[in-house]
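Undergrad: Can you read through this structure? Questions will come right after.
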Amino acid sequence: MSDTVKFLLDESRIPKTWYNIAADLPEPLAPPLHPGTKQPIGPDDLAPLFPMELIGQEVSAERDIEIPEPVREVYRQWRPSPLFRARRLETALNTPAKIYYKYEGVSPAGSHKPNTAVAQAFYNKEAGVKRLSTETGAGQWGSSLAFAGALFDLEVEVFMVRVSYDQKPYRRALMETYGARCIPSPSGETNAGRVALEAKPDHLGSLGLAISEAVEVAAQRDDTKYALGSVLNHVLLHQTVVGQEAIAQLEMADDYPDVIVGCTGGGSNFAGIVFPFLGAQLRGGQKVRIVAVEPAACPSLTRGKYAYDFGDTGHLTPLVKMHTLGSTFIPPGFHAGGLRYHGMAPLVSHIKELGLIEAKAYHQTKCFEAGVQFARTEGILPAPEANHAVRGAIDEAIRCREEGKSETILFNLCGHGHFDMQAYMDYFGGKLQDLDYDEADLAMALAGLPTEAAA
Ligand SMILES: *Cc1c(COP(=O)(O)O)cnc(C)c1O
Numbered sequence: 053m054s055d056t057v058k059f060l061l062d063e064s065r066i067p068k069t070w071y072n073i074a075a076d077l078p079e080p081l082a083p084p085l086h087p088g089t090k091q092p093i094g095p096d097d098l099a100p101l102f103p104m105e106l107i108g109q110e111v112s113a114e115r116d117i118e119i120p121e122p123v124r125e126v127y128r129q130w131r132p133s134p135l136f137r138a139r140r141l142e143t144a145l146n147t148p149a150k151i152y153y154k155y156e157g158v159s160p161a162g163s164h165k166p167n168t169a170v171a172q173a174f175y176n177k178e179a180g181v182k183r184l185s186t187e188t189g190a191g192q193w194g195s196s197l198a199f200a201g202a203l204f205d206l207e208v209e210v211f212m213v214r215v216s217y218d219q220k221p222y223r224r225a226l227m228e229t230y231g232a233r234c235i236p237s238p239s240g241e242t243n244a245g246r247v248a249l250e251a252k253p254d255h256l257g258s259l260g261l262a263i264s265e266a267v268e269v270a271a272q273r274d275d276t277k278y279a280l281g282s283v284l285n286h287v288l289l290h291q292t293v294v295g296q297e298a299i300a301q302l303e304m305a306d307d308y309p310d311v312i313v314g315c316t317g318g319g320s321n322f323a324g325i326v327f328p329f330l331g332a333q334l335r336g337g338q339k340v341r342i343v344a345v346e347p348a349a350c351p352s353l354t355r356g357k358y359a360y361d362f363g364d365t366g367h368l369t370p371l372v373k374m375h376t377l378g379s380t381f382i383p384p385g386f387h388a389g390g391l392r393y394h395g396m397a398p399l400v401s402h403i404k405e406l407g408l409i410e411a412k413a414y415h416q417t418k419c420f421e422a423g424v425q426f427a428r429t430e431g432i433l434p435a436p437e438a439n440h441a442v443r444g445a446i447d448e449a450i451r452c453r454e455e456g457k458s459e460t461i462l463f464n465l466c467g468h469g470h471f472d473m474q475a476y477m478d479y480f481g482g483k484l485q486d487l488d489y490d491e492a493d494l495a496m497a498l499a500g501l502p503t504e505a506a507a
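So the mapping is simple: my numbering equals the position in the sequence shown, first residue as 1, plus 52.
In structure tokens:
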């Protein structure tokens with residue numbers, strides 16, 4: 053009984069609807085505000101950036117939102133994704149806990165991100181859009197949107213955070229293989245980029261800045277819309293296929309989680325696995341402990357302030373209420389590039405404030421140590437971002453051993469790390485630094501929050 057066990061659903065069990073947690077929240081989300089007037093925005097304010105169908109999903113209170121058949125058709129290539137019981141890891145940890153993981157690395161881009169990229173490309177195509185602009189940190193989102201753009205015949209332009217552009221040439225090559233154009237950010241192609249380069253010619257870039265560049269391009273051109281890979285309500289919505297499938301798979305295993313663990317950058321893979329379980333709890337079902345794990349070098353949920361802030365450095369986006377490190381905060385260049393965003397999804401921030409989830413922060417070497425143990429027992433090499441979830445799950449299993457509890461732990465293995473081997477080599481070479489965010493920089497970025505909107 054020491055083998056990994058796989059739970060597979062047949063294709064007919066791909067969810068037919070996405071789950072919208074807004075329908076079950078005990079208190080509604082604070083509304084997004086216009087960056088100029090600081091008044092709540094309406095759908096028309098977002099129309100230059102997104103097609104109406106996605107704006108509708110962003111503000112919807114409907115519980116179940118139908119997944120269009122052409123999107124399910126594409127999902128069919130890798131969904132339902134497998135759920136594994138990590139028996140060999142359990143044995144190695146000598147824990148009485150049961151550990152399950154949902155594996156999203158089976159998608160063509162190697163992470164959970166195509167779940168929303170495909171949906172977003174579909175709705176843009178339907179709305180007659182020709183071109184999508186976006187940003188990418190580590191390159192997973194850029195390659196996911198590039199893949200989706202290729203399927204729906206859309207041009208894709210990706211502003212890639214400079215530090216990742218230099219560190220991860222293979223992700224760039226993948227985007228280009230799918231037919232996208234990849235530009236290092238800050239770039240000379242936008243006003244936001246030029247201002248940043250003037251201030252600091254060797255700027256490492258940040259997600260907040262790359263978002264400004266991509267938004268600027270979309271706002272200026274009628275044939276171009278913007279696509280975001282995390283944070284927004286509709287993105288989190290599309291990811292809920294993950295948790296819905298996990299519920300059905302755990303039913304096959306005759307089990308239900310006591311604890312769910314996910315890593316959080318902008319919050320989308322975490323929301324994807326967590327929201328369907330949390331929704332069941334909010335409707336009177338079984339209570340689940342939920343743990344969000346983030347990097348100590350970019351600790352928005354554990355150390356950020358819950359306040360209205362801009363989504364980008366250039367202050368072009370609406371103000372949203374979220375846990376933030378300040379939109380001008382530039383996190384240090386650690387290896388889980390997908391987790392280097394200054395803010396957290398408003399929905400994830402909201403449920404944290406409501407006390408429905410816990411959050412903890414880990415340094416990267418402890419996460420790589422967990423990822424290596426996982427690879428050596430389960431065989432799958434996790435993405436550096438996913439290592440945070442692996443660390444969190446292993447620590448829960450160790451706690452169960454110490455307390456003598458046979459709890460059921462579920463975590464989201466949101467992507468593989470095949471494009472991140474340099475990070476693993478740096479770890480083995482003892483070159484990874486455990487960075488903390490700089491107190492002084494953080495205080496400065498937080499001082500710049502748009503406080504007049506705090507009401
Ligand atoms: C993008 C990415 C993340 C971070 O984004 P979330 O929206 O927080 O999920 C985490 N893991 C992987 C593998 C990613 O590609």
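Where a beta carbon is used, it is the ideal one built from N, C-alpha and C, also for glycine.
What's the C-alpha gap between Glu448 and Tyr152?
TA: Answer to the nearest angstrom: the Cα atoms are 12 Å apart.
Undergrad: The alpha helix (DSSP H) with Met473 in it runs from where to where?
TA: Run containing Met473: 473-480, per the alpha helix (DSSP H) assignment.
Undergrad: Give the DSSP-derived three-state secondary structure of Pro351 in the structure shown.
TA: Note: Pro351 maps to coil in three-state DSSP.
Undergrad: Quick one: give me the first and last residue of the alpha helix (DSSP H) that Tyr222 is part of.
TA: Taken as a continuous stretch (DSSP letters only), the alpha helix (DSSP H) holding Tyr222 covers 221-229.
Undergrad: Helix, strand or coil for Arg65, going by three-state DSSP, please let me know.
TA: Three-state DSSP puts Arg65 in a helix.
Undergrad: Any heavy atom of ligand 1 within a distance shorter than 7 Å of the CB on Ala344?
TA: Answer for Ala344: no, Cβ out of range of ligand 1.
Undergrad: Assign Lys373 to buried or exposed, taking buried as 16 or more other Cβ atoms, counted over all protein chains shown, within 10 Å of its Cβ.
TA: Buried is the call here.
Undergrad: Asp306 and Thr460: beta carbons closer than 8 Å?
TA: No.
Undergrad: Would the beta-carbon of Leu98 fall within 8 Å of that of Tyr175?
TA: No; because the gap between Cβ atoms is not below 8 Å, this pair is not in contact.
Undergrad: At which residues does the alpha helix (DSSP H) containing Pro95 begin and terminate?
TA: Note, Pro95: alpha helix (DSSP H), 95-98.
Undergrad: Between His375 and Lys404, which are expected to be in contact by the criterion C-beta below 8 Å, what is the C-beta distance as a whole number of angstroms?
TA: His375 to Lys404, Cβ: 7 Å. Contact.
Undergrad: Excluding the 5 residues preceding and the 5 following Tyr127 in the sequence, name in chain order all residues of the same chain whose CB lies nearer than 8 Å to its CB.
TA: Excluding positions up to five away in sequence, the list reads Ile66, Ile119, Asn167, Val170, Val293.
Undergrad: With a CB to CB cut of under 6 Å and the five nearest residues on each side skipped, what residues in its chain are close to Leu77?
TA: Excluding sequence neighbours, Leu77 sits near nothing in its chain.
Undergrad: From Asp116 to Asn243, what does the alpha carbon distance come to, in whole angstroms?
TA: Rounded to whole angstroms, Asp116 to Asn243 spans 40 Å at the Cα level.
Undergrad: Mind reading off the beta-carbon distance from Val400 to Ala344? Whole number of angstroms is fine, and I expect it under 8 Å.
TA: Right, the Cβ-Cβ distance comes to about 7 Å (below 8 Å), so this counts as a contact.
Undergrad: If you draw a straight line from the alpha carbon of Lys177 to that of Ala270, how long is it in whole angstroms?
TA: Cα-Cα distance, rounded: 15 Å.
Undergrad: Three-state secondary structure (DSSP) at Ser401?
TA: It is helical.
Undergrad: When DSSP labels each residue in this structure, what does Phe59 get in the three-state scheme?
TA: The answer is strand: DSSP assigns Phe59 an E or B state.
Undergrad: By DSSP, does Trp193 sit in helix, in strand, or in coil?
TA: Trp193 falls in the helix class under three-state DSSP.
Undergrad: How far does the beta strand (DSSP E) with Ser237 in it extend, from its first residue to its last?
TA: That run of the beta strand (DSSP E) goes 233-237.
Undergrad: Output the distance between the C-alpha atoms of Asp62 and Pro132, rounded to the nearest integer angstrom.
TA: Taking the straight line joining both Cα atoms gives about 7 Å.
Undergrad: So, with DSSP's three-state summary, where would you put Ile461?
TA: In the structure shown, Ile461 sits in a strand (DSSP, three-state: E or B).
Undergrad: Closest to Gly324 by CA distance: which of His286, Cys452, Ala138, Thr417 is it?
TA: Of His286, Cys452, Ala138, Thr417, the residue nearest in Cα terms is His286.
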